[in-house]
Structure formats: structure tokens, C-alpha cells
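Those sequence lines, one after another, are chains A and B. Residue numbering for the first sequence follows this note's numbering, starting at 2 and increasing by one per position. Residue numbering for the second sequence follows this note's numbering, starting at 801 and increasing by one per position. One structure below.
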Amino acid sequence: MVLYLKEFKIKWGMVIDLDRCTGCGACMVACQAENNIAPPVDASNKRYSLTWLLVYQLSNKQPYPNHDVAYMPRPCLQCGKPNCVPVCPVIATDKNQEGGIVSQVNARCIGCRYCMAACPYHARYFNWHDPVWPEGMEKTLTPDVSTRPRGVVEKCLFCHHRYMAARDKARIEDRDPNALAEGDYIPACVEMCPTGAMVFGDLENPEHKVHKLSKSPYAFRLLERLNTKPQVYYYSKREWVRKQGDNYLEHETVGGV
Amino acid sequence: MSDKELWPEGVQRCSLKLFIAWLAVIFAVLAWGVYAAYVVWSGGLIVTGMDNYFAFGLYIIFDLAVIALGAGAFFSGLLYYLIRVEGLKNIINLAVIIGFICYSGALLILTLEVGQPLRAWFGFWHPNVHSMLTEVIFCITVYMLVLTIEFIPIILENRKLNKIKFLHHMAHNFHVIMPLFAGVGAFLSFFHQGSLGGMYGVLFSRPYAFREGFFIWPWTFFLFILSAVASGPGFTMLVATLMEKMTGRKLVDFSVKALMGKISGTMLAIYLVFKYLDTWAWATGILPRSGLTFSEVFYGVAYGKWLLFSELIVCGLFPAILLLNAKTRNTPWILYSACTLVGIGVIINRYVQTAQTLAHPVMPFDRWYVYMPTWAEWAPSLAIIAYGALILSLAYRYLPVFPQERKLNQA
């Protein structure tokens, strides 16, 4: 129960370059396939669909020819100070393991949805339907990821099963599982991104690219002033994009260069 | 054929046929609610108006509202059994029964609200001591037990049951220890009413609901307690009045009603002082710190500023003045109107704390959505009202709920 910022020696995080993201949606598809998210019953209704990673479209709201857009992939931001964790009445979600990933225990969740109410990023999804895969499609299920029943809340876990697999591999190869090299563990969305907009690694490790990128003056976090301390950073050289990362009053200036 | 032998001594009731016809109406509404419950359990919450944006909906708003309005039970119990406000003796039975209805009704609705009802007991088995909801789960359940214990002696005082020696003594002994349960009930209700408010106040990433804290509790913890004790006694009095209108009999002396109105008015005035301070601190502190302006957190008709105005002025300041003034308070229609406004005010408060909190787009590029409950949410809510009418009808017909009834109707 995180009522304060929890620090970890290893802190897995992401830096997403919004100037590179084309909004192709490959990350969303990769996430759906990797994490056994069943095909939606009615894909036209986004308010009932499960998309652990959702791509938002941002606009500078200027008329042509000054109109500009950006695409913002939003996985669970794995907050350093997550609001969802202290509110859960049954400890179905927690942030207490090395790596700083906010966990979700599906078999413990009672489906009260208090965590959804707490999350300002809409990163948590309720399972509205019984998950059903068309005949034959069950062969594509990822064996390391449990399927979730109707009535529980689910979320992006940075493909935690891949983290476990990478640690196992390191052990077998007689390497330290707590000192994974860059590229040993990456989530499916990062692997699939065709433009290289998504970079993944240990935010605390100076040898990892994300460490340096997160410290860039162009890097920002969503809703920084709410103090949730996300482990996902966004990156953009466009000021209006950085400005849309948080609510700014008219007289306030945005960070960066 | 009549069931006259079961009526309390010396009172008059309608014919059994008429009573059965009334029960048939109640059971029709109940049946609709039970069907809706079946649809929700078998088909899932997809049949409700809730979605990925609205994690909470009418079930929670209804629960919060009835629990606030049911606060007449614990607060009247506290005032009568512990502080010895003798006038409340004539309405305390009704307050207990309304409390029982409100809490058991809220628990029934909650079985629909959770996505995994069969795991609902996990709240006791794997409690997260940091969660306000855990506190709510524990307090609401234990207080429900306390209300049941408080209701039992009223049932045992049925004319027939009371003739059984064992039950007669049992009822007497229950009465002797009732101050203890009134104290326990007040303690439990105080904390869970507060925790319901705390549930919203701790949402530090939802600027509409988030509040600063006093020790470990956000302001909303105390505001929910105060608004509940302001609306609960008035609601109890209104139910008594409604029963009088329906049965055509005088049940409670007007002086008792005016006393309940005075309690409501006093608590409302205390609540409003803190509520105004809270609203000011929120608008000038929390909102600008979150990068928001006062106007930005309101939207359209469903989440308009008119709700805040209605809650704080029309259903707040206005009835408080009417209830604190002895002259207006002692005019029946003004008393009833003022207490109705107080009840509406607390319902508005529970609505905005739930729906508006979730509808407000916290991310700058997000948008407002409007929550609309479906029939599958209205039906169980109405069924709970019918369930309350059923308990009250049976209690009124067969139990000595109103000690003054005989005297007031001697003509």
C-alpha cells in the first residue's frame, strides 16, 4: 500500500518519443495478442473494449496550415505513487517487487472498480464480457499469460511474464537476474513499434538508454503535478505537445527548452 | 377474515384485503428488481450504464444516498440512549427500522455492484488496511448486525409473540442493553459514513474529489458524517409523516417532528460552515494546483454549476434558516418542505461526488462523458424502495412502532 513514493534499485520504465510515433497502432495489436485479450464483442464501442495500451490523438487545435497532430500511446504508467494501490480493498493490486511494476492479481480482484475510479489515466479496464476466442484462435494464446474472467479489473503489466522469462534465461546463462542488460527484457509493444518510438529499460541504470532519455529537457510525464510519479516518460520537441501532458493555467509556462 | 389479533393493542388498521392489495403492488416492483438482479448476475455489468469511464454508477449513488438518509438511526439512537433526549422515545423505533432498511438495502444493491459477487467475502479475508473501502466493508456489515439486534426487540413486542414468556423476557433484556448497542452503532456508523466520504477524498489524482487531510482523513470524511446526520433525522420524520398521510392516522406528535427538524437544522448549519470552507479551499487551492479553474470542472446540464448552487444554497442555506427558526420550523408544511430539501441536497452531493468526479476529464486531451443509468440499475434501486415499503408496512401493521399512536387517535 503505497501512501508514499516507493523506490526500487531496478525501475523498469519507458520513454515514448511522440515526434516519432505515427499512431499506426502496432503496439496496441501486439499488446492484445501478447496478453491474451479476447476479440472485442463490439469494437465500435470503445468505452467497453479492453485496450491495455491505448493510442490517443493529440491536436494543437490550430487551423490549417498550422494544424499539427501527435499520437500518444498510453500503457499503464506504473506510477511510483499509484493511487490505485492504496484504494484496493483486497490487495489485488500492489507495487512491492523489484522493478516497480504495479501488479494485478486477477484471482484476488472482486471487481469493485475502485482502482478504475482512482486512475486518472483510464489505464485500468473492467472485463465487461466473458472472454471468447473464435474457434482455432485459442492456438495463438500466450501460454505464460493467464486469461481473465468477466467481472475483474485488468491492466498493462509491462508484459511481466517476459520479465520472468528474461530473469530465468539470465540464471540459466549464469548471469545476475538482477542486472539484466538492455534488450534482455522488453514488452511486446516496444518490440513491435516500427518507428522505434518506444524505448524500454531500467530508469535507474545509467547504461540503459531510457535513463538518459528520461532526463532530457524534452521529456515529461503525464499529469506531472498530480504527483503520481509515472515510470513512463514521453518525449517531444514540440512545446504544444509537452503542454498537453498536463493541465496548465494561462499564466503558467511549460517545462523543457 | 382478519388478522386483528396480531395488531398492536388498541389500534385500528385497514382490512386484510386492502393490505394484501397494497402488498401486491410492492411485490410487483420487487419482482421487477429481482428480474433485473438475475439479468445483471447472469449477463454481467455490461447491462448497466457503467463503462470504462464510469466505474461507479447509480448503484453506488443510491447506496451512498440511502446510507446518508438512514443516519437517523444511529444519530437518534445516540441522542436518545446516550444523551437522553427523551422526546425521541416516540420515534426511535421507526428510526431503527429505517436504518435497518437502508443498510440491508444498500448491502443487497452491493451484491450487484461488484463484478465478482462470489468473491465479495475477500474483503474480510484479504483486507487492505489502507483502503477506505475496507473500512466501509467492515463497518457497514457490523453495523448491519447491530441494527438487526436493535430491530429484534421491536419484533418480539408483537402482541402474540410477547405472550410467549421467553420472548417477552428476551425483548426486555434486549432493551436493557440497548444503550450499549446504540453506542457501538454510533461508533461504527460514524466511521463508515466518514469512510464513504474518505473513499472520494483520497483520490489524489482526481481533482474534483480530492481533499486535503486532517491527520489520516481527508475533509470529505467529516463532511459525509455531518451531511448524513443533518439529513437522516429529517428523513425519518418525513417517513413518519408519509405513513400518516397514507394510513390517515396520527402516529407521532408534531412536537417530536419539530424536534427532529431542529436536530436536522442544527447539524445542517454546522455542516454548511465546513462545507463552505471546504468549497472555498478546493476552488482556490486544490483546483489551481492541479492546473484547473473553477469553471473547468463543470459541464453541461448533467454536471452544471446549478448542482453546486442547489446543494449549497437551495438545499443548504435556505432549509437551514427555516429549520433553525422556531416559527417556520413549527409550521408543518415548511418543516416538511425544508427537510425534503435537505434530503435532496445530500442526494445531489452523493451524485456529484460519484458521477462528476469520474466524468471530469483529468487529462487535458480527454473529454467529458455523461453517465446515464439503464433500467437494470433503476429496477433494483426501486425494488429496494419497495423492500423498504414492505418492511415498514408489516412493521406498522403488526408491531408497536409508534408509542403515541393510541393516545393521538383517541377521539
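Positions of the beta carbon are idealized from the N, C-alpha and C atoms, including for glycine.
Check                                                                                                                              : Outcome
Short CB-CB distance (under 7 Å) between residue 133(A) and chain B                                                                : no
Nearest neighbour of residue 1084(B), chosen from 1008(B), 948(B), 862(B) [CA to CA]                                               : 1008(B)
Chain A contact residues for residue 1156(B), given Cβ-Cβ distances below 8 Å                                                      : Ordered by position in chain A, no residue passes the 8 Å Cβ test against residue 1156(B), which lies about 12 Å from the chain.
Residue interval of the alpha helix (DSSP H) (run including residue 841(B))                                                        : 816-843
Contained alpha helix (DSSP H) runs [length at least 4] in the region 154-193 of chain A, N- to C-terminal order                   : 161-173, 189-193
Supposed contact pair residue 1037(B) and residue 1139(B) - C-beta distance, whole angstroms, cut 8 Å                              : 6 Å
The region 905-926 of chain B: positions lying closer than 7 Å to chain A by Cβ                                                    : 914, 915, 916, 919, 920, 922, 923, 926
Against chain A: residues of the region 829-856 of chain B by CB proximity under 9 Å                                               : 844, 845, 846, 850, 851, 852, 853, 854, 855, 856
Cut-off 8 Å between Cβ atoms - residues of its own chain near residue 193(A), not counting five sequence neighbours on either side : 27, 28, 30, 31
Interface residues of chain B facing residue 103(A) [CB-CB closer than 8 Å]                                                        : Correct list: empty, because the minimum Cβ distance to chain B is about 13 Å.
With 16 other Cβ atoms within 10 Å as the buried cut-off, status of residue 196(A)                                                 : exposed
Cβ-based neighbour list, residue 989(B), same chain, cut-off 7 Å, excluding 5 preceding and 5 following                            : 871, 874, 943
Stretch pair the region 1142-1161 of chain B + the region 804-815 of chain B: three plus CB contacts closer than 8 Å               : no
Same chain, Cβ closer than 8 Å to residue 1072(B), neighbours up to 5 away in sequence not counted                                 : 1112, 1116, 1117, 1120
6 Å Cβ shell around residue 1053(B) - same chain, five flanking residues per side excluded                                         : 1204
Test: residue 1162(B) CB closer than 7 Å to a CB of chain A                                                                        : yes
C-beta contact flag for residue 1134(B) and residue 1122(B) at 7 Å                                                                 : yes
Where residue 71(A) falls: helix, strand or coil (DSSP)                                                                            : strand
Secondary structure of residue 1082(B), DSSP reduced to three states                                                               : helix
Touching by the beta-carbon criterion (3+ pairs, under 8 Å), the region 842-853 of chain B and the region 1167-1180 of chain B     : yes
Inside the region 104-154 of chain A only - alpha helix (DSSP H) runs reaching at least 4 residues                                 : 115-119
Classification of residue 814(B) by the beta-carbon crowding that lies within 10 angstroms, buried from 16 upward                  : exposed
For residue 122(A) and residue 78(A), believed in contact at Cβ under 8 Å, the rounded distance                                    : 6 Å
Near-chain B residues of the region 214-229 of chain A - C-beta to any C-beta below 8 Å                                            : 223, 224, 226, 227, 228, 229
Exposed unless 16 or more other CB atoms sit within 10 angstroms - verdict on residue 838(B)                                       : exposed
8 Å Cβ cut-off: residues of chain B touching residue 59(A)                                                                         : 1165
Straight-line gap, residue 24(A) to residue 64(A) (C-alpha atoms, nearest Å)                                                       : 21 Å
Residues within the region 109-141 of chain A neighbouring chain B, beta-carbon criterion of under 9 Å                             : 109, 110, 111, 112, 113, 114, 115, 116, 117, 118, 119, 120, 121, 122, 123, 125, 126, 127, 128, 129, 130, 131
CA-to-CA distance, residue 1006(B) to residue 1162(B), given in whole angstroms                                                    : 7 Å
Contact list for the region 66-92 of chain A against chain B, Cβ threshold 7 Å                                                     : 84, 87, 88, 89, 90, 91, 92
Residue from 119(A), 45(A), 233(A), 20(A) whose Cα sits closest to the Cα of residue 856(B)                                        : 119(A)
Buried or exposed by the 16-neighbour rule on C-beta atoms within 10 Å, applied to residue 915(B)                                  : buried
Interface flag, residue 179(A) vs chain B, CB-CB below 7 Å                                                                         : no
Cutoff 7 Å: residue 204(A) Cβ touching any chain B Cβ                                                                              : no
Beta-carbon proximity of residue 11(A) to residue 175(A), cut-off 7 Å                                                              : no
Cβ of residue 152(A) within 7 Å of any chain B Cβ                                                                                  : yes
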